[in-house]
Amino acid sequence: MLDKTNVKTNTIFNAIKSVFGILYPLITFPYVSRVLMAENVGKINFGNSVVSYFSLIASLGVTTYAVRECSKVREEKKLLNKTASQILSINILSTLVAYLALAVTLMVARPLEHYRELICIQSSVIIFTTLGADWLNTAMEDFKFIAVRTMGMQLFSLILMFLFVKKSEDYLIYAIISVTASSGANIINIFYRRKFCKTQFTFHMKLKKHLLPILLLFSLVLSQTIYCNSDMTILGLARNDYEVGLYSTSVKIYNLVNTTIASVAWVVMPRLSAGFAKKDYHEINRLLKYSLNFIIVIGLPCLAGLNVITKPLIYVIAGNEYLGATNSLHILSVALLFSLIGGWIGNMMMLPAGRDKLCLLSSVISAIVNVVLNLVFIPKFGMNAAAATTALAELIGIFIKWRFIDKNIKIDGFKDIIKAPFVGAVEIVIIGLLVSRISFSHFVVVFITIILSIIAYVITLLFMKNEFTLSFIKPAWNRIIGRRKIQ
Numbered sequence: 006m007l008d009k010t011n012v013k014t015n016t017i018f019n020a021i022k023s024v025f026g027i028l029y030p031l032i033t034f035p036y037v038s039r040v041l042m043a044e045n046v047g048k049i050n051f052g053n054s055v056v057s058y059f060s061l062i063a064s065l066g067v068t069t070y071a072v073r074e075c076s077k078v079r080e081e082k083k084l085l086n087k088t089a090s091q092i093l094s095i096n097i098l099s100t101l102v103a104y105l106a107l108a109v110t111l112m113v114a115r116p117l118e119h120y121r122e123l124i125c126i127q128s129s130v131i132i133f134t135t136l137g138a139d140w141l142n143t144a145m146e147d148f149k150f151i152a153v154r155t156m157g158m159q160l161f162s163l164i165l166m167f168l169f170v171k172k173s174e175d176y177l178i179y180a181i182i183s184v185t186a187s188s189g190a191n192i193i194n195i196f197y198r199r200k201f202c203k204t205q206f207t208f209h210m211k212l213k214k215h216l217l218p219i220l221l222l223f224s225l226v227l228s229q230t231i232y233c234n235s236d237m238t239i240l241g242l243a244r245n246d247y248e249v250g251l252y253s254t255s256v257k258i259y260n261l262v263n264t265t266i267a268s269v270a271w272v273v274m275p276r277l278s279a280g281f282a283k284k285d286y287h288e289i290n291r292l293l294k295y296s297l298n299f300i301i302v303i304g305l306p307c308l309a310g311l312n313v314i315t316k317p318l319i320y321v322i323a324g325n326e327y328l329g330a331t332n333s334l335h336i337l338s339v340a341l342l343f344s345l346i347g348g349w350i351g352n353m354m355m356l357p358a359g360r361d362k363l364c365l366l367s368s369v370i371s372a373i374v375n376v377v378l379n380l381v382f383i384p385k386f387g388m389n390a391a392a393a394t395t396a397l398a399e400l401i402g403i404f405i406k407w408r409f410i411d412k413n414i415k416i417d418g419f420k421d422i423i424k425a426p427f428v429g430a431v432e433i434v435i436i437g438l439l440v441s442r443i444s445f446s447h448f449v450v451v452f453i454t455i456i457l458s459i460i461a462y463v464i465t466l467l468f469m470k471n472e473f474t475l476s477f478i479k480p481a482w483n484r485i486i487g488r489r490k491i492q
């Protein structure tokens with residue numbers, strides 16, 4: 006029943022999905038930002054920030070818990086059927102509660118009167134996500150299906166967008182298409198997941214067993230959502246839709262890079278959860294070193310590139326109207342560095358080990374600091390303050406979690422891990438600065454910088470014999486050589 010593909014294969018499928026996840030907004034956002042204009046883009050993002058709170062109630066911390074628990078029993082089909090059905094049933098109940106809370110909020114909250122139709126459309130993502138139960142595919146390490154399904158739906162949504170989003174008033178149509186792109190594929194999963202187990206609604210949910218850890222993870226996700234979304238919400242209430250539109254451009258780019266790099270957590274989490282359950286620290290340390298390699302090899306060049314061509318990148322993605330977001334994106338790049346470090350410690354060391362309370366403590370403290378600072382500084386300093394408080398919240402989270410790292414976790418050879426990526430990142434900065442000095446258009450600067458940076462970076466990794474890079478290239482090279490010999 007369990008897919009025997011290795012972690013590297015799963016990483017490749019997840020990386021392909023992530024690349025499409027980058028390409029989709031890179032194609033859609035420049036078009037949409039120019040058609041809808043900053044004010045309607047601001048409405049879309051404000052609506053999403055409101056829906057995210059009710060989506061949080063519906064998700065109830067189920068995803069991480071479900072991946073962890075289903076990973077432990079995935080070899081025992083009967084137990085997997087029971088566990089998955091119990092968790093899905095709890096998730097369905099929490100979704101009903103979320104929709105009830107959303108309905109009441111829309112009826113009584115006057116500031117949301119003009120956003121009701123938009124929010125109703127965007128909220129459909131909640132039911133799609135719940136019924137799709139993607140966490141089962143992740144627990145079973147079926148990353149190939151997740152990648153193919155996601156890419157197919159994004160291509161379909163791309164066609165719909167170019168066909169039906171033609172003027173600024175079409176922002177509701179764009180909202181429908183966005184929901185289709187992000188969650189429409191979950192409908193397919195209702196039927197597909199039967200290959201792993203039979204999930205059905207049950208009143209025998211074993212709440213005593215599941216509810217407490219789920220609520221702990223819910224509290225963790227709640228605190229994370231507060232300090233991720235409070236800046237956008239407070240910015241919308243204290244400033245205006247235009248500034249939200251500018252800041253949302255920075256946040257989109259930040260989230261694109263962050264989500265892509267951090268996605269390695271979902272690749273290794275099933276096996277890390279099983280490893281912590283067996284206390285197999287040899288396997289745990291191997292997987293943690295693998296994930297750290299991935300984060301550094303992919304993360305450092307992204308951070309370097311993001312800062313060296315910030316202005317041209319914003320222009321290409323969103324247009325001249327959004328260049329005011331340049332400084333906030335520089336600040337968010339610092340938050341990105343802290344987020345990657347904190348995510349590696351929390352999502353890969355602590356959550357798979359069941360240390361939910363510690364992650365919750367870290368996140369709650371960070372969230373409180375973030376919200377307080379947002380309320381104080383956003384009304385005066387706007388989106389730059391929003392970006393700075395996000396960076397500070399991430400840094401505080403690292404300091405808290407760092408003290409409680411399991412002493413049995415040991416990552417050797419850190420200097421060898423970071424050496425080649427660091428040299429390559431410096432080269433990217435030099436390339437970006439040199440290309441920017443030449444009188445090219447923003448489009449040409451971005452294109453040439455990215456192409457030259459990729460070539461220089463890969464050559465540097467190979468020349469300096471970066472083990473992580475070679476571990477992917479050697480098997481592929483050996484297959485090519487083997488095929489040639491056969492021929």
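If you read the sequence shown in the numbering used here, its first letter stands for residue 6, the second for the next number, and so on.
The beta-carbon is built from N, C-alpha and C at its ideal position, and this holds for glycine as well.
Less than 8 Å separates the beta-carbon of Ile124 from that of Val55.
The Cβ atoms of Gly66 and Phe206 do not sit closer than 8 Å to each other.
As the crow flies, the alpha-carbon of Pro30 is around 18 Å from that of Val249. Taking one beta carbon from each stretch, the stretch 291-300 and the stretch 404-413 have fewer than 3 pairs nearer than 8 Å; the two do not touch. Excluding its 5 nearest sequence neighbours in each direction, Ala106 has C-beta neighbours in its own chain below 8 Å: Phe59 and Ile62, listed in chain order. The criterion of a C-beta distance shorter than 8 Å is satisfied by Ile383 and Leu240. The beta carbon of Ile126 sits closer than 7 Å to the beta carbons of Leu177, Ala180, Ile181 and Val184 from its chain, once the five residues preceding and following it are set aside; these are given in chain order. Counting only the Cα atoms, Thr14 lies some 25 Å from Ile455.
C-alpha of Gln229 to C-alpha of Ala309: approximately 26 Å in a straight line. Three or more Cβ pairs closer than 8 Å define a contact, and the stretch 266-278 meets that threshold against the stretch 331-349. Restricting attention to alpha helix (DSSP H) runs no shorter than 4 residues, the stretch 9-34 encloses none.
In terms of Cα proximity to Asn245, the closest of Phe34, Leu318, Ile453 and Asn45 is Asn45. Using a C-beta cut-off of 8 Å, the stretch 299-316 makes contact with the stretch 433-440, since at least three inter-stretch Cβ pairs fall below that distance. Remark: C-beta atoms of Val313 and Gly437 approach each other more closely than 8 Å. About 5 Å separates the Cβ atoms of Ile231 and Ala372, confirming a contact at the 8 Å cut-off. Non-local beta-carbon contacts of Arg121 in its own chain, meaning distances under 6 Å to residues more than five positions away in sequence, involve Leu111 in chain order. About 39 Å separates the beta carbon of Val272 from that of Val109, a gap too long to meet the 8 Å contact definition. In this chain, Val78 is not harboured by any alpha helix (DSSP H), its DSSP state being neither H nor E.
Annotation: the continuous alpha helix (DSSP H) that includes Lys385 extends over Asp361 to Phe386. Residue nearest to Leu136 within the set Ile346, Asn194, Ser458 and Gly351 is Asn194 (criterion: CA-CA distance). Setting aside the 5 residues that flank it on each side, Trp349 is surrounded in the same chain by Ser296, Leu297 and Ile300, each with a C-beta closer than 7 Å to its C-beta; the list follows chain order. Residue Pro35 holds the alpha-carbon nearest to the alpha-carbon of Phe448 among Pro35, Ile219, Ala330 and Thr394.
Boundaries for Ala190: no alpha helix (DSSP H) harbours it, and the DSSP string shows neither H nor E there. Between Ser255 and Ser333, the gap from beta carbon to beta carbon is short of 8 Å.
Across the set Ala393, Gly387 and Ala190, the C-alpha of Ala190 shows the shortest separation from the C-alpha of Val153.
Runs of alpha helix (DSSP H) with 4 or more residues, each lying fully within the stretch 99-172, are found at 121-127, 129-137, 139-144 and 148-169, listed in chain order.
Assignment of His287 by DSSP, reduced to helix, strand and coil, places it in the helix class.
The Cβ atoms of Leu168 and Tyr259 do not sit closer than 8 Å to each other.
With a contact defined as Cβ atoms closer than 8 Å, Met145 and Phe201 qualify at about 5 Å.
Residue state for Ile414 is assigned as coil, using DSSP reduced to three classes. The beta-carbon distance between Gly402 and Ser368, rounded to whole angstroms, is 7 Å. This is short enough to meet the 8 Å contact definition. Judged by DSSP in its simplified three-state form, Thr204 adopts coil rather than helix or strand.
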